[in-house]
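Protein chains in written order, with the working numbering: chain S, 19 to 150; chain F, 19 to 150; chain R, 19 to 150; chain E, 19 to 150; chain G, 19 to 150; chain Z, 19 to 150.
There are 6 protein chains.
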Amino acid sequence: MATVPLISDEAASAEVLAVFDDIRSVRGTDYINNFWRALANDPPLLKATWERLKQVMGPGELDPLTKEMIYVAVSIANGCEYCTHSHTAAARAKGMTPEMHGELLAVIAMASQTNALATALQVETDEVFRGE
Amino acid sequence: MATVPLISDEAASAEVLAVFDDIRSVRGTDYINNFWRALANDPPLLKATWERLKQVMGPGELDPLTKEMIYVAVSIANGCEYCTHSHTAAARAKGMTPEMHGELLAVIAMASQTNALATALQVETDEVFRGE
Amino acid sequence: MATVPLISDEAASAEVLAVFDDIRSVRGTDYINNFWRALANDPPLLKATWERLKQVMGPGELDPLTKEMIYVAVSIANGCEYCTHSHTAAARAKGMTPEMHGELLAVIAMASQTNALATALQVETDEVFRGE
Amino acid sequence: MATVPLISDEAASAEVLAVFDDIRSVRGTDYINNFWRALANDPPLLKATWERLKQVMGPGELDPLTKEMIYVAVSIANGCEYCTHSHTAAARAKGMTPEMHGELLAVIAMASQTNALATALQVETDEVFRGE
Amino acid sequence: MATVPLISDEAASAEVLAVFDDIRSVRGTDYINNFWRALANDPPLLKATWERLKQVMGPGELDPLTKEMIYVAVSIANGCEYCTHSHTAAARAKGMTPEMHGELLAVIAMASQTNALATALQVETDEVFRGE
Amino acid sequence: MATVPLISDEAASAEVLAVFDDIRSVRGTDYINNFWRALANDPPLLKATWERLKQVMGPGELDPLTKEMIYVAVSIANGCEYCTHSHTAAARAKGMTPEMHGELLAVIAMASQTNALATALQVETDEVFRGE
Chain S
19 MATVPLISDE AASAEVLAVF DDIRSVRGTD YINNFWRALA NDPPLLKATW
69 ERLKQVMGPG ELDPLTKEMI YVAVSIANGC EYCTHSHTAA ARAKGMTPEM
119 HGELLAVIAM ASQTNALATA LQVETDEVFR GE
Chain F
19 MATVPLISDE AASAEVLAVF DDIRSVRGTD YINNFWRALA NDPPLLKATW
69 ERLKQVMGPG ELDPLTKEMI YVAVSIANGC EYCTHSHTAA ARAKGMTPEM
119 HGELLAVIAM ASQTNALATA LQVETDEVFR GE
Chain R
19 MATVPLISDE AASAEVLAVF DDIRSVRGTD YINNFWRALA NDPPLLKATW
69 ERLKQVMGPG ELDPLTKEMI YVAVSIANGC EYCTHSHTAA ARAKGMTPEM
119 HGELLAVIAM ASQTNALATA LQVETDEVFR GE
Chain E
19 MATVPLISDE AASAEVLAVF DDIRSVRGTD YINNFWRALA NDPPLLKATW
69 ERLKQVMGPG ELDPLTKEMI YVAVSIANGC EYCTHSHTAA ARAKGMTPEM
119 HGELLAVIAM ASQTNALATA LQVETDEVFR GE
Chain G
19 MATVPLISDE AASAEVLAVF DDIRSVRGTD YINNFWRALA NDPPLLKATW
69 ERLKQVMGPG ELDPLTKEMI YVAVSIANGC EYCTHSHTAA ARAKGMTPEM
119 HGELLAVIAM ASQTNALATA LQVETDEVFR GE
Chain Z
19 MATVPLISDE AASAEVLAVF DDIRSVRGTD YINNFWRALA NDPPLLKATW
69 ERLKQVMGPG ELDPLTKEMI YVAVSIANGC EYCTHSHTAA ARAKGMTPEM
119 HGELLAVIAM ASQTNALATA LQVETDEVFR GE
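Below, the structure is given as structure tokens:
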């Protein structure tokens, strides 16, 4: 169960429907997933989130699959069940093979363990890593 | 300050030196960064961590820069200061441009906010995302 | 499923029932939610947790709704499903409107993204922020 | 040290300076804190983040101090050092007294412990908390 | 639902079956829990994870129950539902009594709240804690 | 720098001094570490935290070193720098050898990686793990 009702097309305001239509158009599918239907309880938040997502995940220096795998990695590190499902599915739709999925998980697991070790050891940052 | 002393080459056992030598050889540099010198307080843990890291970050389906950016993303989501520095530097060394860095951060920021929103809304996972 | 059985009134010891009675009295309802019934497997932990919660969430400088929304924010950031549900419901019961809920989520999402960015950039704290 | 250089006014592009000017105008101070100077390495990310922050933290149903304390709470839960400093300072500037700070911390500490307990116990969400 | 199919014995490759057999042998049970069946989608990751787990959780300076309770503590702090269930069950199987479970939870709750407070206060580390 | 001033003995109220005295007496040392001096800005929060800590970390079913290592594990998983330092030092004072420290870190690193993997795979909890 969600903490808010999911907004159906029938219950949606014009402002919400306009966002739903744009999601449908950009993604080339009629399906609106639950995240957007829940977020639609606050139309300005829905619109701001979708507009920014569209921009961030759009064309750029990084290819779409790389961006999607980074999204999966952050979602897992943050322990977000819904996001792990939705972005793993999105990465598959963008070409992630089972072998790539396995490597993605191996890198995430590796980072998780060295993150814990570096925190445990409270290692001081080496001067050579300076970005300034 | 670290929670353990950093092990210098002079203080290192033969087991530790063998790992340090392998790090130097694989990375093509004489420099051993503080993480490994701290981890060297427990030689078996040092060896196991390095051996696995070498394997995970080695050649595969994902290119080295993609793996390194995923590593950065997890390190940031886990709030690891040292790892954020060391892997950001490693990503730069593997070709990450300022534009790519900016996009990486934009994806991480985007994921962080939708992760929080999905958790806040407790959205149920859509059937279409099933991986089974 | 929980990792422990939920303790019914019938199965509760006198020590547990005394806490349940106090919860009922303070909250003005007969309903004891699952968290307390699970925690009741360890009566001293149940008692200590409830006594402290009652004190912390009681009258003070911050009004009850503000405290409850802060509780929701922490629960979301910590990824606690149960707590997100129970404290969102509590905030509603204390007067949180849908508009306030939307703003609460917008602030949480904003903080989540700038938290990630500040960690990614490893920004040094400005002297002007000193609290000392 | 940061992972990127801080952009001074002298080194800033026109696009960055326009954002800096807006920050100065909205906040009524000449001081630009390090977060924005670091973020300025990616002008579009700087602009998008500032524009959204201005909107989210602007006038609404929740008063400015409440929003700022929620921001502090999320920053602490996410373990962000810089954000904890900057938003604690901002909350003070908006009227948070030492007594209110103490209560804020007490609520955050309380939530942190019951979040951990609820996760430990894997308590199932009560039907009465349904928001649908 | 998982993000990948669970691999049955019938669907398992020889490499996967060899790991399953070793799990069965080390644990003295025919039952292979879902984690390993999901991980089996990537045989090298399955093998590397199991081999390391067997080594880390094997005989050493810390007794098996202590190791298992530490595993539970980390799993709870990381908000991992599956791991909290599986390692709480494992700790019980290794002798954790209800009283020990209650104390374990009390320590985890205590640490969670002082962690939050120390982060909120940004306390500087005392010189006396130096491990160097 | 901390977000609040550290309270010296000279600046402390009678209520604060009483807690400081109890800390000195229980720990058998004159030294009051920075955490308590920062927390002393809110005397009731100082008192409640110390009283609970004293109770939780006192004699029970789990021995003091085991409790302290669990505290370290949670502090690392939560990314708390101060707590990692203070509780690692405390564990050493209670008898943690370098070998035990190494094993503690190995378990934490192992748990961190399987936590990430279980979240990535969204593994469903096996019926056999039921605690009810």
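Idealized CB from N, CA, C, for every residue including glycine.
Source: prediction; values computed, not measured.
Residue i: contacting residues in chain G (beta-carbon distance under 7 Å)
i                : result
Gly76 (chain S)  : Ordered by position in chain G, no residue passes the 7 Å Cβ test against Gly76 (chain S), which lies about 25 Å from the chain.
Asp144 (chain Z) : Asn51 and Asn52
Within chain E, the residues that residue i reaches when beta carbons sit closer than 7 Å
i                : result
Thr159 (chain Z) : Outside the shown range of chain Z, which is 19 to 150, sits residue 159 (chain Z), and nothing can be said about it.
Presumed contact (8 Å Cβ cut-off) between residue i and residue j, rounded CB distance
i                : j                : result
Thr102 (chain Z) : Thr21 (chain S)  : That belief does not hold up - the Cβ atoms of Thr102 (chain Z) and Thr21 (chain S) are roughly 34 Å apart, past 8 Å.
Met128 (chain R) : Val74 (chain E)  : 5 Å
Asn52 (chain F)  : Val141 (chain S) : 5 Å
Glu117 (chain R) : Glu121 (chain E) : The pair is not a contact, with the Cβ atoms about 25 Å apart (cut-off 8 Å).
Leu57 (chain G)  : Leu63 (chain G)  : 6 Å
Thr84 (chain E)  : Thr84 (chain R)  : 5 Å
Asn236 (chain E) : Ala95 (chain R)  : The requested residue 236 (chain E) is not part of the displayed model; chain E covers only 19 to 150.
Phe147 (chain G) : Ser104 (chain Z) : 5 Å
Closest Cα partner of residue i within the set the options
i                : options                                  : result
Gly46 (chain S)  : S:Val125, S:Ala111, S:Ala91 and S:Glu142 : S:Ala111
Ala30 (chain G)  : G:Arg55, G:Met19, G:Asp40 and G:Val125   : G:Arg55
Tyr100 (chain F) : S:Thr143, S:Gly76 and S:Asn96            : S:Thr143
Pro61 (chain G)  : S:His119, S:Asp81, S:Asn59 and S:Phe147  : S:His119
Val98 (chain F)  : R:Cys98, R:Glu69, R:Leu139 and R:Asp81   : The identity of residue 98 (chain F) in the sequence shown is Cys, whereas the question assumes Val. Comparing Cα-Cα distances from Cys98 (chain F) to each of R:Cys98, R:Glu69, R:Leu139 and R:Asp81, the minimum goes to R:Leu139.
Ala109 (chain R) : R:Ile25, R:Pro82 and R:Glu69             : R:Pro82
Asn59 (chain R)  : G:Thr115, G:Arg42, G:Tyr49 and G:Asp27   : G:Thr115
Leu24 (chain E)  : E:Ile41, E:Ile50 and E:Asp40             : E:Ile50
Ile126 (chain Z) : G:Tyr89, G:Glu69 and G:Gly76             : G:Tyr89
Val44 (chain G)  : G:Gly76, G:Leu123 and G:Gly113           : G:Gly76
Ile41 (chain E)  : E:Ala124, E:Trp68 and E:Gly113           : E:Trp68
Contact list for residue i against chain Z, beta-carbon separation under 9 Å
i               : result
Glu99 (chain S) : Thr137 and Gln140
Within chain R, the residues that residue i reaches when beta carbons sit closer than 8 Å
i                : result
Ala134 (chain Z) : Neighbours of Ala134 (chain Z) on chain R: none; closest Cβ ~13 Å, over 8 Å.
Per-residue contacts from residue i into chain R (C-beta, under 9 Å)
i                : result
Ala129 (chain Z) : Per Cβ cutoff of 9 Å: no residues; Ala129 (chain Z) is ~16 Å from chain R at best.
Per-residue contacts from residue i into chain S (C-beta, under 9 Å)
i               : result
Ala30 (chain E) : Within chain S, no residue comes near Ala30 (chain E); the closest Cβ sits about 16 Å away, beyond 9 Å.
Within 8 Å of chain Z by C-beta, residues of the segment 36-64 of chain F in sequence order: Asn59, Asp60, Pro62 and Leu63
Which residues of the segment 79-95 of chain E have a Cβ closer than 7 Å to any Cβ of chain R? Give them in chain order. Glu79, Leu80, Thr84, Lys85, Met87, Ile88, Tyr89, Ala91, Val92, Ser93 and Ala95
Where the segment 101-125 of chain G meets chain R: residues whose CB sits under 7 Å from a CB there: Thr102, His103, Thr106, Pro116, Gly120, Leu123 and Ala124
Is it true that the segment 30-44 of chain Z meets the segment 124-144 of chain E, where meeting means three or more beta-carbon pairs spaced less than 8 Å apart? no
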